[in-house]
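Contents: one structure, followed by commentary.
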Amino acid sequence: MFDKVLVANRGEIAIRVMRTLEELGIGTVAVYSEPDRDAPHVRRADEAYLLGPGPANQSYLVVEKILEVARQSGVAAIHPGYGFLAENAAFARACDEAGVVFIGPPADAIDAMGSKTRAREIMREAGVPIVPGTTDPVETVEEAQAVIDDSIGYPVAIKAAGGGGGKGFRVAQSEDELDKAFEGASREGEKFFSDPTVYIERYLADPRHVEVQVLADAHGNVIHLFERDCSVQRRHQKLIEESPAPAVDPDLRERIGKIGVDAARAVGYRSAGTVEGLLQDGDYFFLEMNTRVQVEHCVTEMVTGIDIVREQVKIAAGEELAYRQADVVIRGHAIECRINVEDASKNFAPAPGRIGSYREPTGPFVRVDSGAEEGYEVLPLYDPLIAKLIVWDVDREASTRRMLRALGEYEIAGVKTLIPFHRALLASEQWARGETCRDLVEDKEWLAKLAPPPPPAAQDEEPSEKVEREYAVEVSGRKFDVRVIGEPLTPDGAAPTAARKAPRRERKDSGGGGAPGELVSPLQGTVLRVAVEQGTPVEQGALICVIEAMKMENEITAPSGGTVEELGVSEGGSISTGDRIAVIK
Ligand code: MV4
């Protein structure tokens with residue numbers, strides 16, 4: 220087994236990985252960017268090394284710097300977590316060449332699955348069902364039109380070959396939408412993956428997202444750990460995941476488990492991986508394979524009792540899988556809620572800021588994987604996911620109740636999080652019926668009702684010391700001697716709470732800090748689109764502009780109705796947190 224492992228990540232997943240490393244008696248090495256100097260993942264590690272400035276392309280994504288730290292610290296292996304370099308085949312190869320074990324799949328398997336068209340081709344040859352459509356890239360709109368007329372039929376999904384997770388994904392309901400969808404998917408593929416190639420699939424109307432967790436060792440053993448359902452998504456970002464999937468019965472479970480194993484074998488897979496697919500009317504289709512540990516791996520850990528990260532580390536060290544397929548049993552039901560610092564009532568706008576008081580839920584069968592704490596500053600530079608809340612119970616209904624209880628215990632002051640969204644969604648009839656909840660997640664009116672009460676300002680005041688005073692009071696003529704324990708009176712004798720209601724430091728956030736009617740940017744990024752002009756009348760919730768940040772398109776909407784009196788943005792311009800977008804009166 221390795222003596223020491225570098226964790227090339229930050230936040231909750233870095234801590235998650237370190238926990239397992241500690242249990243295995245392996246030393247931990249953290250890396251960090253300048254603004255993460257005092258982050259929890261850094262303090263937790265045995266050793267920590269600075270990578271560079273905050274932006275990931277100057278820190279967490281710089282291969283040479285990470286390999287330099289690996290040499291300096293003398294680690295035997297690197298765990299990449301998810302995101303950042305986790306699915307970068309060049310990084311996996313660079314690790315091999317530097318003589319450091321990459322805790323993940325072979326670089327060739329990452330490459331094979333990175334190209335979605337190649338992955339579809341490999342799967343078709345391996346007898347894995349794929350969504351009907353093309354496996355060869357489609358070069359032009361005319362060619363697309365021809366294959367659709369020939370074989371697929373409308374509606375269609377146009378997807379970027381370099382894409383995945385919904386990046387570069389467009390839908391054309393009919394022929395007149397084809398041009399725009401084709402262009403959009405191609406443009407996004409070029410922008411994010413330097414590859415404008417697209418392919419075409421039949422568009423399924425309301426499928427479920429069902430994925431299979433697999434484990435493969437270096438000795439030819441491949442097993443699956445059953446499925447997860449991740450149908451509750453918003454713009455391809457998963458929000459809630461569960462295992463087992465409510466729409467999967469034992470027969471289907473066995474069938475899709477075998478599909479997962481076949482898919483992994485077809486690319487010579489090793490390590491933990493996830494085969495994603497769509498389930499509709501009992502048909503299961505391969506979508507893509509994620510060649511990393513996923514955010515939602517925890518629900519599978521809860522229902523199988525297998526530590527997936529521990530298996531990754533053992534497999535990378537050359538050990539044989541300790542489980543055969545028949546050893547793996549699924550028990551009870553687990554649910555995960557992603558705790559993102561986002562405001563669901565404002566189109567899931569990012570809501571970075573400093574966390575005030577912070578208290579995690581606990582009690583039976585509750586797990587919190589978190590990278591945050593009291594006083595932690597959530598930076599707009601990185602992923603908005605700060606923690607995950609996972610619960611287990613005997614079945615879906617009990618698990619839902621337990622999750623609602625745990626969400627109620629979760630206290631995060633100072634920033635807006637998805638907690639109110641999760642509480643509302645898990646209490647809905649749609650969730651109870653096991654539906655995909657797409658109607659709710661896309662319902663602006665329903666979402667607007669989730670506006671959380673303004674969070675108390677973070678640590679603006681020192682709590683004052685309590686004092687005791689004795690009084691005599693009369694109640695209906697009878698005298699009582701009472702002792703009052705509370706805050707001291709102010710020098711002028713005023714009641715303490717009134718004195719403390721002093722105006723608070725204004726916080727710039729999407730909740731409307733600044734001048735009346737002023738809409739300020741909650742994030743730093745590039746203005747992709749401006750939907751209004753000066754003088755445009757807008758209703759509450761109307762789209763004002765789209766800001767791209769962290770490769771995500773964020774819709775900025777009007778906090779209240781009125782007329783756009785001033786406009787501070789233009790298309791293509793850059794924008795910083797707190798900058799004026801518009802004044803709406
Ligand atoms: C699809 C689809 C319908 N037809 N592909 C791809 C990435 C993943 N995040 C969602 N993806 C979808 N791919 C075809 N051919 C619909 C979705 C989809 C979806 C699927 C299941 C549950 C929720 C979803 C929400 C949005 C899109």
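Count the sequence shown with our numbering and you get residues 220 to 804, in order.
All residues carry an ideal CB built from backbone N, CA and C; glycine is no exception.
query                                                                                                                    : result
Under the three-state DSSP convention, the category Met-220 falls into                                                   : coil
beta-carbon Gly-385 near the ligand MV4 non-hydrogen atom, thresh 6 Å                                                    : yes
6 Å Cβ shell around Arg-719 - same chain, five flanking residues per side excluded                                       : Annotation note: pLDDT 44 at Arg-719 (below 50); position unreliable, coordinate value reported separately. Excluding positions up to five away in sequence, the list is empty.
Bridge partners - Thr-776, DSSP secondary structure assignment                                                           : Leu-762
Nearest candidate by alpha-carbon position, reference Gly-384, set Glu-507, Thr-745, Ile-549                             : Glu-507
Buried/exposed call for Phe-699, threshold 16 Cβ in 10 Å                                                                 : exposed
Any non-hydrogen atom of the ligand COA within 6 Å of Tyr-373 CB                                                         : By its list of ligands, the structure shown excludes the ligand COA, since it contains just the ligand MV4.
Where Val-634 falls: helix, strand or coil (DSSP)                                                                        : coil
Burial state of Lys-770 (16 or more Cβ within 10 Å)                                                                      : exposed
Given Glu-785 as reference, the closest of Val-739, Val-765, Thr-745 once Cα atoms are compared                          : Val-739
Paired residues, beta bridge with Ser-490 - DSSP                                                                         : Ala-435
Other residues of its chain near Ala-391: CB distance less than 6 Å, five sequence neighbours each side excluded         : Val-375, Leu-397, Ala-400
Segment contact flag, the region 236 to 247 with the region 264 to 277, C-beta cutoff 8 Å, min 3 pairs                   : yes
Leu-471, DSSP secondary structure in three states                                                                        : helix
Proximity test, Pro-426 beta-carbon vs the ligand MV4 heavy atom, cut-off 6 Å                                            : yes
Residues of its chain near Pro-722, where Cβ-Cβ distance is below 7 Å and the 5 sequence neighbours each way are ignored : Below a pLDDT of 50, predicted positions are generally treated as unreliable, and Pro-722, at 49, falls in that range; the measurement from the model is reported next regardless. Hits under 7 Å: none found.
Short Cβ contact (7 Å threshold) for Ile-177 with Ala-777                                                                : The structure shown does not extend to residue 177, since the chain is modelled only from 220 through 804, so no value can be given for it.
Distance cut-off 6 Å: Glu-420 Cβ against heavy atoms of the ligand MV4                                                   : yes
Any non-hydrogen atom of the ligand MV4 closer than 6 Å to Ala-338 Cβ                                                    : no
Own chain partners of Ile-459 with C-beta closer than 6 Å, once the 5 adjacent residues on each side are dropped         : Val-451, Cys-556
Cβ-based neighbour list, Ala-691, same chain, cut-off 8 Å, excluding 5 preceding and 5 following                         : Lys-698, Phe-699, Asp-700, Val-701
CA nearest to the CA of Asp-798, picked from Ile-766, Ala-328, Arg-511                                                   : Ile-766
Ala-553 burial status per 10 Å Cβ neighbour count (16 or more: buried)                                                   : buried
Simplified DSSP assignment, three categories, for Met-769                                                                : coil
Cβ shell of Ser-462 (< 8 Å), same chain only, five flanking positions each side left out                                 : Phe-445, Glu-446, Arg-447, Asp-448, Val-518, Thr-519, Met-521, Val-522, Ile-549, His-552, Ala-553
Per DSSP, the bridge partner or partners of Leu-786                                                                      : Ala-801
Distance cut-off 6 Å: Ala-376 Cβ against heavy atoms of the ligand MV4                                                   : yes
Within the region 280 to 363, ranges of the alpha helix (DSSP H) (whole runs, at least 4 residues)                       : 282 to 292, 308 to 317, 326 to 333, 335 to 344
C-alpha gap between Ser-729 and Ala-308, whole angstroms                                                                 : With a pLDDT of 41 at Ser-729, under the threshold of 50, the modelled position of that residue is not reliable, and no figure is offered here.
Burial state of Gly-365 (16 or more Cβ within 10 Å)                                                                      : Per the sequence presented here, residue 365 reads as Ala, with Gly not at that position. The residue is exposed, with fewer than 16 neighbouring Cβ atoms inside 10 Å.
Residues that DSSP places opposite Met-508 in a beta bridge                                                              : Val-494
Segment contact flag, the region 423 to 436 with the region 528 to 539, C-beta cutoff 8 Å, min 3 pairs                   : yes
Leu-423 CB to nearest heavy atom of the ligand MV4 below 6 Å                                                             : yes
Heavy atom of the ligand MV4 within 6 Å of His-455 beta-carbon                                                           : yes
Arg-511 burial status per 10 Å Cβ neighbour count (16 or more: buried)                                                   : buried
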